[in-house]
Each structure stands twice: as structure tokens, then as C-alpha cells.
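Trainee:
In the working numbering, the protein residues as written are 91 to 293.
And the structure:
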């Protein structure tokens with residue numbers, strides 16, 4: 091099997107870390123995808139042009155991070171990393187959605203920030219920056235939840251990767267006034283799968 095990624099994609103990072111957590115690196119080859127290029131051959135494989143994309147040996151390819159992670163759970167011999175959303179009276183699903191909201195909003199902010207300066211929307215930039223701050227405040231209040239403190243799941247990875255992006259976008263402001271979140275982020279950042287999948291520095 092092949093996992094098509096860009097090494098800077100936070101969504102692809104979650105899947106890459108899941109592969110390592112499941113010990114599937116000998117079964118899945120990680121290959122770079124040529125995205126955002128006119129007529130890229132990658133689009134013949136994945137018409138949406140999104141990453142990550144898992145090219146399977148046993149059926150049609152899969153895209154979308156949560157779907158791919160659920161498939162990796164399915165083929166792994168190790169404990170599942172995708173929590174049932176209904177666990178703990180839907181608390182697991184609520185927290186995962188909250189982590190995805192943080193990451194998805196940041197992805198919009200990053201894309202807008204990378205546009206040429208004269209094409210950027212100040213309204214979008216301000217909206218996503220404010221959204222990020224609100225969600226960071228909520229996570230400071232949520233981070234001691236047993237569903238977050240106990241175990242390790244794709245929700246943990248999604249939140250960690252979101253915090254990683256938030257720290258790049260907001261600098262010290264992201265965690266300086268959120269000590270519980272900062273401690274959790276620092277602790278989880280020592281996990282080998284997250285260290286191994288750090289994105290390269292942008293030039």
C-alpha cells in the first residue's frame with residue numbers, strides 16, 4: 091500500500107503517526123504527492139487533489155484523515171486509535187469534533203496567509219485568528235477531561251497537531267496564558283510517533 095502525502099500537511103501527519111503507532115511502516119510506503127500543480131499526475135489517482143490519500147491493495151483508495159485512520163485500526167493487530175463517538179455519552183465524539191474544529195480553522199488561516207499579500211482577505215484572517223483563540227481557551231478548560239488525560243487516540247493526535255500549527259501562527263501567545271494546555275502539549279510532544287512526523291521547516 092502507498093500513503094500519498096505532503097510532509098507539511100497536518101492531516102497527513104496524523105495518518106503518518108497512526109501508521110507508526112500501529113507498527114505498519116513495513117506495509118505502507120509513504121510517498122510525496124504533487125499537489126497544487128496544474129495537470130499533476132496525482133490527480134489521476136486522487137481527483138480531489140487532497141492529502142492524505144491511501145492507495146490500498148485490497149480495494150479502492152481512501153481519502154480523509156479519520157476514514158484512513160479507521161482503516162488502519164481495521165488492519166492493525168494493536169489497540170484501536172479511533173474512538174467510538176458515542177463513548178462516554180458522546181463525550182469522545184464531542185472532543186474529537188472540537189479538536190478537528192481547531193485544526194480545520196487553522197488550515198483555512200494558513201492557506202489564506204500563504205496567498206500573495208494583495209490577495210489576502212483581512213476578514214478571513216481576523217475571523218480565523220479569533221476562532222483559534224476561542225478554541226484554545228476552550229481547550230484550556232477541557233484538557234483535564236479523563237477522555238483526554240487517559241490513553242492515546244486520534245483525538246490526541248488531532249489536538250496536538252492543531253496546537254503545533256497554532257503555535258506557529260500565534261507564537262508564544264498560543265500557550266503562554268494557557269498553562270494546562272501548554273503542559274499537555276509539551277508532554278505529548280515527547281511521543282516518538284509525533285517526533286518522527288514533525289514537518290520540515292519552511293523556507
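Virtual Cβ for every residue (Gly too), placed ideally from N, Cα, C. Predicted model only: the values in this text are computed from it and were never measured.
Taking 6 angstroms as the limit between beta carbons, can you name the residues of its chain near residue 293, skipping five residues before and five after?
Mentor: Unreliable placement is indicated for residue 293, whose pLDDT of 48 sits below 50; no coordinate value is reported for it.
Trainee: For the stretch 155 to 192, list the alpha helix (DSSP H) runs that are entirely contained and at least 4 residues long, ordered along the chain.
Mentor: You should have 155 to 165.
Trainee: Please report the straight-line C-alpha distance between residue 249 and residue 279, rounded to a whole angstrom.
Mentor: Looking at the two C-alpha atoms, the distance is approximately 11 angstroms.
Trainee: To the nearest whole angstrom, what separates the beta carbons of residue 287 and residue 103, a pair I think is in contact under 8 angstroms?
Mentor: Indeed, because the Cβ distance is near 5 angstroms, the residues count as touching under 8 angstroms.
Trainee: Check each candidate in 93, 221, 186, 112 and name the one with the smallest Cα separation from residue 199.
Mentor: If we check each option's Cα against that of residue 199, 221 comes out closest.
Trainee: Hey, which unbroken runs of the beta strand (DSSP E) at 3 residues or more fall wholly within the stretch 228 to 291?
Mentor: Qualifying beta strand (DSSP E) stretches: none in this window.
Trainee: Roughly how far, in whole angstroms, is the beta-carbon of residue 191 from the beta-carbon of residue 112, given that I think they are within contact range, below 8 angstroms?
Mentor: At roughly 26 angstroms, the Cβ-Cβ gap does not stay under 8 angstroms, so residue 191 and residue 112 are not in contact.
Trainee: Considering only their Cβ atoms, is the gap separating residue 283 from residue 107 smaller than 7 angstroms?
Mentor: Closer than 7 angstroms, so yes.
Trainee: Less than 7 angstroms separating the beta-carbons of residue 140 and residue 153?
Mentor: Against a cut-off of 7 angstroms, the Cβ pair of residue 153 and residue 140 comes out as a contact.
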